[in-house]
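Q: Per the numbering used here, the very first residue in the sequence shown carries number 252; after that it's consecutive.
The beta-carbon is built from N, C-alpha and C at its ideal position, and this holds for glycine as well.
Only a predicted model underlies this, so the values are computations on that prediction, with no experimental measurement involved.
I have a structure here, written as structure tokens, and I will follow up with some questions on it.
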Amino acid sequence: MNDQPQTTLIQRLLSTVDTMDACARLAREDPESVVAVTIAEVAGRAALYPGPCSPVTVQFDVDVPGAGRIGYLLTVGPDGQQARPGRVDDPWVCVRTDLPALVRDVFGPASPRTGADREVVMKDEPGPAEYRPDDPWLVQRDEATRAAYQVLRACGPYQGDLTTLAMHFGSDKWGGHWYTPHYERHLGRYRDQPVTVLEIGIGGYHDPAAGGASLRMWKHYFHRGMVYGLDVYDKSPLDEPRLTTIRGDQADPAFLADLAARYGPFDIVIDDGSHVSSHVITAFTALFPHVRPGGTYVVEDLHTSYWPEWGGNGTDLADPTTSVGFLKTLADGLHHRDRGHAGSPGPSYTDQNVTGIHLYHNLALVEKGLNAEQANAAWRPRYDPMRDMPAPQRVNGE
Ligand SMILES: C[S@@+](CC[C@H](N)C(=O)[O-])C[C@H]1O[C@@H](n2cnc3c(N)ncnc32)[C@H](O)[C@@H]1O
């Protein structure tokens, strides 16, 4: 399990952006590194937006209060985005900003005024005397304008919906399956929080460079989140800022315990791995204790719970060794005080810490919290009060 070198700095930025004072303090500590990780994040977000058809280099002039100005270059275009320290002579686009404000806009919660204090200066050069649409100066100026819009949008969080992001990155969470609206309904409340997300199953199987669609989707949806992906295959070429891949087996409880100690606790865990029932149950049992109170554990592709080839059972629907059968036991656990504990040693961990189970076609979301509601009081009648009344006196003829 490898950590990316900049992970710690990004985590500190994510957790200290709540006040401008905190941003300013961090910016003064190590301005070069803070500028580097902040503009790397902008570069990653720029890929979400349309940009110029040929490469345009945007210069950032970043003022560090009390410590001068740092120059950084971000080239955007059809071949992607590259960021590096430096300056160019007479750039077409120059973004002037101060570092605490840039850090707040990039790593802080979404705000309606994100970017409002950012100044963009275009090359101050006279254009052609006569208008010709194919004039090279005008073409270049249009490209520069597109680059400016792309980069300015990327200086704040992505504001679109999860389904659009799934389609953008090619995740089958919309299209192959129809999960994203359910996810948005249940996970939308974390969107602006510095959450820790773990998804089991990165995609692309044995090809190290393939897959990662849903991890990228989560990274941009949870714009302040740290996203971890687990797969049995090495997926390290997919690592990028705020997105770390881990190699390991979801069916190995000792490995999962190490993983949780290292990267947890988690706000959200999503199981989109092997979909073998026994693996789903092993992973849930090992990782659910490492979900924060208020967090959510998700299991996808529950259809395999009915397929014997995946360790499922399509005939005995209460079989607790299948994924759905196991989820049904959580529903009984939610009511453990109402059903009593006859024949068992008392409430289990999940009895006490599952507060909600939401089931959709092929998808379950389990909410974590303190399941502390008391059972129905003993003095409440446990018989039908109208049971022995003569028929005419019963309400509504029941
Ligand atoms: C359906 S793909 C994941 C797709 C991805 N979550 C997405 O939505 O883009 C399933 C992945 O789970 C991985 N996998 C299979 N068995 C696993 C196991 N026992 N532990 C961890 N990962 C496993 C596979 O290698 C594969 O890459």
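Please go through the same chain and pick out, in chain order, the residues whose beta-carbon is closer than 6 Å to the beta-carbon of V549, but skip the five residues on each side of it.
A: I521, L616
Q: Kindly examine ligand 1 and report whether one of its heavy atoms sits closer than 7 Å to the Cβ of V448.
A: Outside the cutoff, so no.
Q: Would you kindly report the start and end of the unbroken alpha helix (DSSP H) that includes F358?
A: 350 to 358
Q: Check whether the Cβ of V483 lies closer than 7 Å to any heavy atom of ligand 1, and answer yes or no.
A: yes
Q: Determine the direct distance from the alpha carbon of A405 to that of L299, and round the result to whole angstroms.
A: 8 Å
Q: So, at 6 Å on beta carbons, what are the nonlocal neighbours of G407 in its own chain, with the 5 sequence-adjacent residues on each side left out?
A: D356, T365, G366
Q: Please tell me whether, using a cut-off of 7 Å, the distance from the CB of D523 to the nearest non-hydrogen atom of ligand 1 is below it.
A: Under cutoff, so the answer is yes.
Q: Count the other CB atoms, across all protein chains shown, that sit within 10 Å of the CB of W630; report buried if there are 16 or more and exposed otherwise.
A: Answer is exposed; the Cβ neighbour count stays below 16.
Q: Is H530 closer than 8 Å to D552 when the C-beta atoms are compared?
A: Judged by beta-carbon spacing, H530 lies beyond the 8 Å limit of D552, meaning their Cβ atoms are not closer than that value.
Q: Closer than 7 Å by C-beta to G546: which residues in its own chain qualify, once you throw out the five before and the five after it? Chain order, please.
A: F517, D518, I519, K619
Q: Taking 7 Å as the cut-off, is the CB of S422 close to at least one heavy atom of ligand 1?
A: yes
Q: Just checking A508 against ligand 1 - is the residue's beta carbon closer than 7 Å to any of the ligand's heavy atoms?
A: Outside the cutoff, so no.
Q: Would you say the beta carbon of Y456 comes nearer than 7 Å to a heavy atom of ligand 1?
A: yes
Q: Compute the Euclidean distance between the alpha carbons of G480 and L403, then round it to the nearest angstrom.
A: 29 Å
Q: Which residue or residues does DSSP assign as beta-bridge partners of P336?
A: In DSSP, P336 forms a bridge with Y323.
Q: For Q625 and R588, I'd like the C-alpha separation in whole angstroms.
A: 7 Å
Q: Distance check for V575 and D393, CA to CA, integer angstroms please.
A: 55 Å
Q: For F420 and A464, which I take to be in contact (beta-carbon distance under 8 Å), what is that distance rounded to the nearest angstrom?
A: 4 Å
Q: Are there 16 or more other CB atoms within 10 angstroms of the CB of Q410, so buried, or fewer, so exposed?
A: By the neighbour-count definition (other C-beta atoms within 10 Å, threshold 16), Q410 is an exposed residue.
Q: Does ligand 1 have even one heavy atom less than 7 Å from the beta-carbon of A502?
A: yes
Q: Between A398 and the rest of its own chain, which residues show a CB-CB distance below 7 Å, the 5 nearest in sequence each way excluded?
A: G302, P303, V307, V309, V327, V344
Q: Looking only at its chain, what residues have a beta carbon closer than 6 Å to the beta carbon of W429, apart from the 5 residues adjacent to it on each side?
A: none
Q: Can you find a heavy atom of ligand 1 that lies under 7 Å from the Cβ of S465?
A: For ligand 1, at least one heavy atom lies less than 7 Å from the Cβ of S465.
Q: Select from A512, D567, R467 the residue whose C-alpha is nearest the C-alpha of S422.
A: R467
Q: Name, in chain order, the residues that DSSP records as bridge partners for F517.
A: Beta-bridge pairing links F517 to V542.
Q: Can you give, in chain order, each stretch of the alpha helix (DSSP H) that sits fully within the region 442 to 526 and has at least 4 residues?
A: 464 to 472, 504 to 514
Q: According to the Cβ coordinates, are P445 and L265 closer than 8 Å?
A: yes
Q: The alpha helix (DSSP H) with R419 in it runs from where to where?
A: The residue asked about is misnamed: residue 419 is His in this sequence, not Arg. Segment 413 to 420, the alpha helix (DSSP H) holding H419.
Q: Does the Cβ-Cβ distance between P282 and A334 come in under 8 Å?
A: No.
Q: Taking only three categories from DSSP, how would you classify S266?
A: helix
Q: Quick check on DSSP: helix, strand or coil for T365?
A: It is coil, neither helix nor strand.
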